[in-house]
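Just so you know, we're using my numbering here: the sequence shown kicks off at 35 and counts up by one.
Backbone N, C-alpha and C fix where the C-beta goes; we use that ideal spot for every residue, glycine too.
In what follows, a single structure is set out as structure tokens and then discussed.
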Amino acid sequence: VGIYGSGSPIFENVLVTSNTATGNYGAGVYFFGGSPTFINSKITNNSGAAYGGGAAFFGEGNVVFKNVLISNNSASRGGGLNFRFGTAATLSNVTIANNIATISGSSIYSTNGGEIELSNSILWNSGDSELEPIAPSTIYSEYSIIKGGYYGNIEPGLGNSSQNPLFVDAANGDYRLSDYSPAIGAGT
């Protein structure tokens, strides 16, 4: 695992890349308890065996992501992120793209009561399910683009879309918005 621990540290301008977890949880990041914050960072090219290719979080706490790219990670559940056992999360200006979940939750997989809030974010991955909140977990989204739209325990707020965000060159890792992206000027 790239980062392993607990507590409430702040990670700013950090690159977590190319880690492989042979255990069940978190290849790039694995936190058990606490409220870590990730700002202006990238979690990319990590591979996990089961839950949370990019990152996995356990226990009560509130994880914060601001202006973070989570891309090209893989796991069976939660290719990008996994939240379990009451972990809450606030994601703003986050791009979760090109992650793979072989079972469900290409972007986010949440169980056991996690509450996830998305704003001004883009979730655009391969696979059938971007988000997999298992009840009583919930996901609230506003001013975000989510491939495939909203279903199940996902509570859509204002300004959401399922239009292609039109990245400059996602195949080569350039997730900036092209000049014609429907995301330009669509956030708050």
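Write down the C-beta distance between residue i and residue j rounded to the nearest angstrom, noting that I regard them as a contact closer than 8 angstroms.
i	j	result
Ser153	Ile179	Wrong, their Cβ atoms sit about 12 angstroms apart, outside the cutoff.
Tyr177	Leu192	7 angstroms
Ser105	Asn132	5 angstroms
Gly114	Ser155	Gly114 to Ser155, Cβ: 11 angstroms. No contact.
Thr121	Phe91	4 angstroms
Gly68	Gly41	4 angstroms
Asn101	Ile130	So it is not a contact: roughly 13 angstroms between Cβ atoms.
Glu46	Ser81	Rounded, the Cβ-Cβ distance is 25 angstroms, inconsistent with contact.
Asn146	Arg111	Their Cβ separation, rounded to whole angstroms, is 13 angstroms, which puts Asn146 and Arg111 out of contact at 8 angstroms.
Tyr143	Tyr85	7 angstroms
Thr71	Val48	No, Thr71 and Val48 are not in contact; Cβ-Cβ is about 11 angstroms, not under 8 angstroms.
Alpha carbon to alpha carbon, what distance is there between residue j and residue i?
i	j	result
Asn107	Gly36	13 angstroms
Ile168	Phe66	19 angstroms
Ser163	Ser138	6 angstroms
Ile77	Ile44	15 angstroms
Gly56	Ala109	Note that residue 56 is Thr in the sequence shown here, rather than Gly. Whole-angstrom Cα-Cα distance: 11 angstroms.
Asn96	Asp213	34 angstroms
Arg210	Glu149	28 angstroms
Ala135	Gly219	30 angstroms
Ala204	Asn53	21 angstroms
Asn206	Tyr38	28 angstroms
Asn79	Pro190	29 angstroms
Asn194	Thr172	16 angstroms
Gly182	Tyr59	26 angstroms
Ser160	Leu103	16 angstroms
Val202	Pro170	37 angstroms
Asn198	Leu165	16 angstroms
By DSSP's criteria, residue i is part of a beta bridge. Which residues make up the other side?
i	result
Ala89	Val63, Leu115
Gly55	Position check: residue 55 holds Ala in this sequence, whereas Gly was assumed. Its beta-bridge partners are Gly82.
Asn146	None; Asn146 has no bridge partner.
Asn96	Ala122
Thr71	Ile44, Val98
Ile77	Val50, Ile104
Ile156	Thr129, Ile179
Gly39	Phe65
Ser138	Arg111
Tell me whether residue i counts as near the ligand SAH, meaning its Cβ is closer than 6 angstroms to at least one heavy atom of that ligand.
i	result
Gly207	Among the components modelled here there is no ligand, and therefore nothing to report on the ligand SAH.
Item to check | Secondary structure, alpha helix (DSSP H): runs of 4+ residues fully inside the region 99–134 | outcome: none
Unbroken alpha helix (DSSP H) runs of length 4 or more, entirely within the region 158–221: which are they? none
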